[in-house]
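To keep things clear, I will list the structure first and then write my remarks on it.
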Amino acid sequence: DGGITQSPKYLFRKEGQNVTLSCEQNLNHDAMYWYRQDPGQGLRLIYYSQIVNDFQKGDIAEGYSVSREKKESFPLTVTSAQKNPTAFYLCASRPAGGRETQYFGPGTRLLVL
Amino acid sequence: GQQVMQIPQYQHVQEGEDFTTYCNSSTTLSNIQWYKQRPGGHPVFLIQLVKSGEVKKQKRLTFQFGEAKKNSSLHITATQTTDVGTYFCAAATSGTYKYIFGTGTRLKVLA
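Listed in order, the protein sequences are those of chains A and B. One point on numbering: in the working numbering, the residue at position 47 of the first sequence is 43, and numbering is uninterrupted. One point on numbering: in the working numbering, the residue at position 22 of the second sequence is 33, and numbering is uninterrupted.
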């Protein structure tokens, strides 16, 4: 919310194609997250990053990859290995510290053609 | 691994009735957060609970954190149509930046 942007809002993927979802924040937050949400379901953690050049797998990392070359940016690539990529993808960020709230971006809806 | 269960999954209430959703963890939590997601939108932070037995209020919303720090609840008094959405809890354990989200409770308010 606020200083977190995600693009595009809708994304279509062809079978066998890799696609990259953008997430940018200008809140000077250290930690960034990617979640996947399926219709009527909760949020599942894909990857998260606490600092630049470092990231950890979440609960459903298979078929996804990330990079954290800049503090402001945490792009997510959905690879062809992800066989069921249709979902709502949410990026979030938060300041350093153990008890800070997460701020969410508006999300990207990925659809498979 | 850590699991966070949230009940009920769905709740339909008449406008003016009360609503409660419960969040239960298999492990002791460092803190718990609550979020609201409107249909088609993204989660928006409501509140964070940190202390054992903590109770916080926001107008018609009351949040509680259990004494053992393994469960939490959100209670809405006299629901309004603006309360429609899905309410999620998000649990964190000590020493981690990782949050586990509950499955959410979808609230519908009938006018």
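C-beta atoms are modelled at their ideal positions from N, C-alpha and C, and glycine is treated no differently. Here the structure is a predicted model, which is why all the values come from computation and not from measurement.
Could you give the residue range of the beta strand (DSSP E) that holds B/Ala89? Your numbering for residue 89 of chain B matches position 78 in the second sequence. That residue, B/Ala89, is in no beta strand (DSSP E); it is neither H nor E in DSSP.
Does the beta carbon of A/Phe8 sit closer than 9 Å to a beta carbon anywhere in chain B? Position 12 of the first sequence holds residue 8 of chain A. No - not a single Cβ of chain B is within 9 Å of the one on A/Phe8.
Between which two residues does the beta strand (DSSP E) carrying B/Tyr108 extend? One-based indexing of the second sequence puts residue 108 of chain B at position 97. It is not in any beta strand (DSSP E) - B/Tyr108 carries neither H nor E in the DSSP assignment.
Assigned secondary structure, A/Asp(-3) (DSSP; H/G/I helix, E/B strand, else coil): Taking the first residue of the first sequence as 1, we reach residue -3 of chain A at position 1. Summary for A/Asp(-3): the model assigns pLDDT 46, below 50, so the residue's position carries little reliability; its value from the coordinates is reported in the next sentence. Note: A/Asp(-3) maps to coil in three-state DSSP.
Nearest chain B C-beta to A/Gln13 closer than 9 Å, yes or no? Along the first sequence, read from residue 1 onward, the residue named residue 13 of chain A stands at position 17. It does not: the Cβ of A/Gln13 has no partner Cβ on chain B nearer than 9 Å.
If we cut at 9 Å on Cβ distances, does B/Thr114 have a partner in chain A? Taking the first residue of the second sequence as 1, we reach residue 114 of chain B at position 103. Output row for B/Thr114: interface = yes.
Along chain B, in chain order, which residues have C-beta atoms closer than 9 Å to that of A/Gly(-1)? On the first sequence, position 3 is the one that residue -1 of chain A refers to. Here the premise fails: no neighbours, minimum Cβ distance about 14 Å.
Cutoff 9 Å: A/Thr97 Cβ touching any chain B Cβ: Here residue 97 of chain A refers to the residue found at position 101 when the first sequence is read from its first residue. By this cut-off, A/Thr97 is an interface position.
Among all the DSSP beta bridges, which residues are the ones paired with A/Arg105? Counting from one through the first sequence, the residue named residue 105 of chain A turns up at place 109. The partner list for A/Arg105 (beta bridge, DSSP) reads A/Tyr6 and A/Phe84.
Determine the burial state of A/Lys10: buried for a count of at least 16 other Cβ atoms within 10 Å of its Cβ, exposed for fewer. Locating residue 10 of chain A in the first sequence gives position 14, where the first residue counts as 1. Exposed is the call here.
Would you please verify whether the beta carbon of B/Tyr27 is less than 9 Å from any beta carbon of chain A? Reading the second sequence from its first residue, position 16 is the one you call residue 27 of chain B. Note on residue identity: the sequence assigns Gly, not Tyr, to residue 27 of chain B. For B/Gly27, the answer is no, since every Cβ of chain A falls outside 9 Å of its Cβ.
Endpoints, the beta strand (DSSP E) within which B/Gln17 is located: To locate residue 17 of chain B, count along the second sequence from 1; it is residue 6. Residue range Val15 to Ile18 is occupied by the beta strand (DSSP E) that includes B/Gln17.
Partner residues on chain A for B/His86, Cβ-Cβ distance less than 7 Å: Residue numbering aside, residue 86 of chain B sits at position 75 when the second sequence is read from its first letter. Here the premise fails: no neighbours, minimum Cβ distance about 20 Å.
Ordered list of beta strand (DSSP E) runs contained in the region 27 to 67 of chain B, each at least 3 residues: 30 to 36, 42 to 48 and 55 to 60
Excluding sequence positions up to five away, which residues of its chain have a Cβ less than 7 Å from the Cβ of A/Asp(-3)? By one-based count along the first sequence, residue -3 of chain A stands at place 1. Interpretation of A/Asp(-3) is limited by its pLDDT of 46, a score under 50 that renders its predicted location unreliable; the figure taken from the coordinates is listed afterwards. Around A/Asp(-3): Tyr99 and Phe100.
Using the C-alpha atoms, what's the distance from B/Arg117 back to B/Asn82? Along the second sequence, read from residue 1 onward, the residue named residue 82 of chain B stands at position 71. Along the second sequence, read from residue 1 onward, the residue named residue 117 of chain B stands at position 106. The alpha-carbon atoms of B/Asn82 and B/Arg117 are separated by roughly 19 Å.
What are the boundary residues of the beta strand (DSSP E) that includes B/Ile76? Counted from its first residue, the second sequence places residue 76 of chain B at position 65. A quick correction: the sequence has Phe, not Ile, at residue 76 of chain B. That run of the beta strand (DSSP E) goes Leu72 to Phe76.
I'd like to confirm the pairing. Which residues does DSSP put opposite A/Thr97 in its beta bridges? On the first sequence, residue 97 of chain A is found 101 positions in, with the first residue counted as 1. DSSP output for A/Thr97 lists no bridge partner at all.
Is the closest heavy atom of the ligand ZN to the C-beta of B/Ile111 under 8 Å? As far as ligands go, the structure on display features none, and thus does not contain the ligand ZN.
For A/Val74, which beta-bridge partners are listed by DSSP? In the first sequence, residue 74 of chain A corresponds to position 78, counting from 1. In the DSSP secondary-structure assignment, A/Val74 is bridged to A/Val15 and A/Tyr60.
Is A/Tyr44 close to chain B, meaning its C-beta is less than 9 Å from at least one C-beta of that chain? Taking the first sequence and counting its residues from 1, the one referred to as residue 44 of chain A is at position 48. Answer yes: the Cβ-Cβ gap between A/Tyr44 and chain B drops below 9 Å somewhere.
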